[in-house]
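**Q** Residue numbers (the numbering used here): 1186 to 1728.
Where a beta carbon is used, it is the ideal one built from N, C-alpha and C, also for glycine.
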């Protein structure tokens, strides 16, 4: 449960750096992590974005809480949390466990679904071309079904089931849970605008995804999204001020203002109603949307995402954007600050850019850094598309230290995806189950203990620590598709179950990469087709 500075490169090196990015080459030293030995002379395997996409969506099935469906593909998991909400007289069965524990934290779960939905909206054709559209819908719906359940009254939302302190005291399979399943809620007297706003954003985004295939369900999601936005805006406050149990694990450091802007823009996109865009424009300064220049985007800090959504309206010539052009230009400037920071093209002091490791990984924080890598890769990929499809196409990203073409943004996103998938100094895939080498001692209760279906003997709270946590051997179950926290700023990584800062995987690490992998797979497939047909091919995708 987790939380940029400069990477200066003289302008004369930018062309070479771009070439390396386009080729997907990870630059830098070999690192000294203990997770894998790099064999001299070993050839680098080709990156398979299609396989990465498939495994990404499989991971969400391993994180399911509740009664599992008959088509469940992760067979080592079983039913769990079947009495969630019973003490409070509500049905809170379902949803996702956030990481390697069994608490259902509302804020990161909602962000996970927002990012899955955004990926499906922007890159749905690419997901479908890879044959994964059905699995993407299932991953989103498993979350949205739970959000609808948890929204029991217009101004009541159940924010969390379980608490981190008692949960972390035990090491058990979800099927054996003996820890508290106390549920916590936000309401008029105990507000949580950040949680209500993020959940509204998730439901609004998901309503777009289901609009054609399931219009009734889409309407239901939008109904709840509107109510939750009104709830969050009318009764303002941070959810972790109302629910102390969340504070040690998912504290709302950025406050609730970014989530309310985020929700408003998603509701505008879902409904086309000007009132939501009017809100985002009117509150832009007071809520920091045009004030904060960010170098991160995460489950807590949504400003960069808000700014990119606002910039999209301008780039694509949305008719409703005209009356708010001045404020949307300010949003766009902040969005481009973030993207330029990722590219290392902002001026000023080092804090204006995102750091990079010697091997080329974007680096924000020691704890679970790959969450920031995956979210950056998504925004870079999406903005590359917006620039390419904009009214002034082809557009350029104009940074203090030079302009960047859409291909350059996509190249950086690709380099980060490749780093995750093993093109790094350790040649270690940080996606579990992908490639020849990947972490095998992931900090995950269910994966680290023999599957309940293989051995149904009850494993007690402390017995899991004694018999399974401390074992040096690989986990008996492969948590395929999980993206772990990843290496430090020197590309070092220690594959140890107790090293939770690096070996714990979270749903919001993988969620943004679904869209990225889908896009890269489609492009790689097209490139391969062009190579086979020959360089003289005049097809549009070959030019």
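Pull up the distance between the alpha-carbon of residue 1186 and that of residue 1435, whole angstroms please.
**A** Because residue 1186 carries a pLDDT of 42, less than 50, the predicted location of this residue cannot be relied on, and no value is offered for it.
**Q** With hydrogens ignored, establish whether the beta-carbon of residue 1606 is closer than 6 Å to any heavy atom of the ligand COA.
**A** With respect to the ligand COA, the structure shown offers nothing to examine, as it has no ligands at all.
**Q** Looking at the secondary structure, which residues open and close the beta strand (DSSP E) in which residue 1605 lies?
**A** Careful: residue 1605 lies outside any beta strand (DSSP E), inside the alpha helix (DSSP H) at 1591 to 1605.
**Q** Near residue 1514, which residues of its chain fall below 8 Å by C-beta distance, leaving aside the five closest residues on each side in sequence?
**A** So the qualifying residues of the chain are 1499.
**Q** So, with DSSP's three-state summary, where would you put residue 1164?
**A** This structure cannot settle anything about residue 1164, because the visible part of the chain is limited to 1186 through 1728.
**Q** By Cβ distance below 6 Å, which residues in the same chain neighbour residue 1395 in space, the five residues on each side in sequence not counted?
**A** Excluding residues within five positions, the ones whose Cβ falls inside 6 Å are 1402 and 1403.
**Q** Determine whether the beta carbon atoms of residue 1363 and residue 1352 lie at a separation below 7 Å.
**A** Contact flag unset, no.
**Q** Counting C-beta neighbours from all protein chains within 10 Å, is the total for residue 1536 16 or more, i.e. buried, or is it exposed?
**A** So residue 1536 counts as exposed.
**Q** Assign residue 1516 to one of two classes, buried (16 or more other C-beta atoms within 10 Å of its C-beta) or exposed (fewer than that).
**A** Buried.
**Q** Assuming residue 1427 contacts residue 1377 (C-beta within less than 8 Å), just tell me the rounded distance between them.
**A** So it is a contact: roughly 6 Å between Cβ atoms.
**Q** Which partner residues of residue 1525 appear in the DSSP bridge assignment?
**A** Beta-bridge pairing links residue 1525 to no other residue.
**Q** Nearest-angstrom Cα distance between residue 1462 and residue 1299?
**A** Cα to Cα, the separation comes out at about 19 Å.
**Q** Tell me the rounded alpha-carbon separation between residue 1453 and residue 1460.
**A** In a straight line, the C-alpha of residue 1453 is about 8 Å away from that of residue 1460.
**Q** Under a Cβ-count criterion, where at least 16 other Cβ atoms within 10 Å of its own Cβ denotes burial, should residue 1508 be classed as buried or exposed?
**A** Classification for residue 1508: exposed.
**Q** For the alpha helix (DSSP H) containing residue 1391, name the first residue and the last one.
**A** Taken as a continuous stretch (DSSP letters only), the alpha helix (DSSP H) holding residue 1391 covers 1378 to 1394.
**Q** Bridge partners of residue 1150, per DSSP?
**A** Limits of the chain in this structure are 1186 at one end and 1728 at the other, which puts residue 1150 out of reach.
**Q** Using the DSSP secondary-structure output, state which residues sit across from residue 1281 in a beta bridge.
**A** Answer is 1249.
**Q** Buried or exposed for residue 1647, please, with buried defined as at least 16 other CB atoms from any protein chain shown within 10 angstroms of its CB.
**A** It is exposed - the Cβ of residue 1647 has fewer than 16 other Cβ atoms within 10 Å.
**Q** DSSP state of residue 1471, grouped into three classes?
**A** It is coil, neither helix nor strand.
**Q** Let me know if residue 1287 comes out buried or exposed under the rule of 16 or more other beta-carbons within 10 Å of its beta-carbon.
**A** Burial call: buried.
**Q** Got a sec? Which residues, its chain only, sit under 6 Å from residue 1718 by beta carbon, not counting five neighbours each side?
**A** Closer than 6 Å at Cβ, skipping near neighbours: no residue.
**Q** How close, in whole Å, do the beta carbons of residue 1283 and residue 1691 come, if the pair is a contact with beta carbons under 8 Å?
**A** Contact flag correct, Cβ pair sits at about 6 Å.
**Q** Alpha carbon to alpha carbon, how far is residue 1522 from residue 1531?
**A** Approximately 7 Å between the Cα atoms of the pair.
**Q** What are the complete alpha helix (DSSP H) segments, minimum 4 residues, inside the segment 1430 to 1496?
**A** Runs of the alpha helix (DSSP H) inside the segment 1430 to 1496: 1442 to 1456 and 1459 to 1467.
**Q** So is residue 1255 buried or exposed if we call it buried at 16+ other beta carbons inside 10 Å?
**A** Exposed, since its Cβ has fewer than 16 Cβ neighbours within 10 Å.
**Q** Got a sec, what are the start and stop residues for the beta strand (DSSP E) residue 1699 sits in?
**A** No beta strand (DSSP E) holds residue 1699; the alpha helix (DSSP H) holding it covers 1692 to 1718.
**Q** With distances taken from CA atoms, which of 1342, 1262, 1384 and 1633 is nearest residue 1370?
**A** It is 1342.
**Q** Buried or exposed: where does residue 1638 fall if 16 or more other Cβ atoms within 10 Å of its Cβ makes it buried?
**A** By the neighbour-count rule (16 or more Cβ atoms within 10 Å), residue 1638 is not buried but exposed.
**Q** Once DSSP output is grouped into helix, strand and coil, what is the label at residue 1342?
**A** In the structure shown, residue 1342 sits in a strand (DSSP, three-state: E or B).
**Q** Output the boundary residues of the alpha helix (DSSP H) element that contains residue 1630.
**A** Its alpha helix (DSSP H) spans residues 1630 to 1633.
**Q** Starting from the C-beta of residue 1733, find all residues in its chain whose C-beta is less than 6 Å away, skip the five residues before and the five after it, and write them out in chain order.
**A** Lying before the first or after the last residue shown, residue 1733 is absent from the chain, which here runs from 1186 to 1728.
**Q** For the 8 Å Cβ check, are there 3 or more pairs between the segment 1613 to 1632 and the segment 1229 to 1244?
**A** The segment 1613 to 1632, when compared against the segment 1229 to 1244, does touch it at the 8 Å Cβ threshold.
**Q** Please return the same chain residues whose Cβ sits closer than 7 Å to the Cβ of residue 1643, not counting the five positions on each side in sequence.
**A** Answer for residue 1643: 1361, listed in chain order.
**Q** What do you reckon, are the CB atoms on residue 1538 and residue 1526 nearer than 7 Å?
**A** Cβ distance < 7 Å, so residue 1538 and residue 1526 count as in contact.
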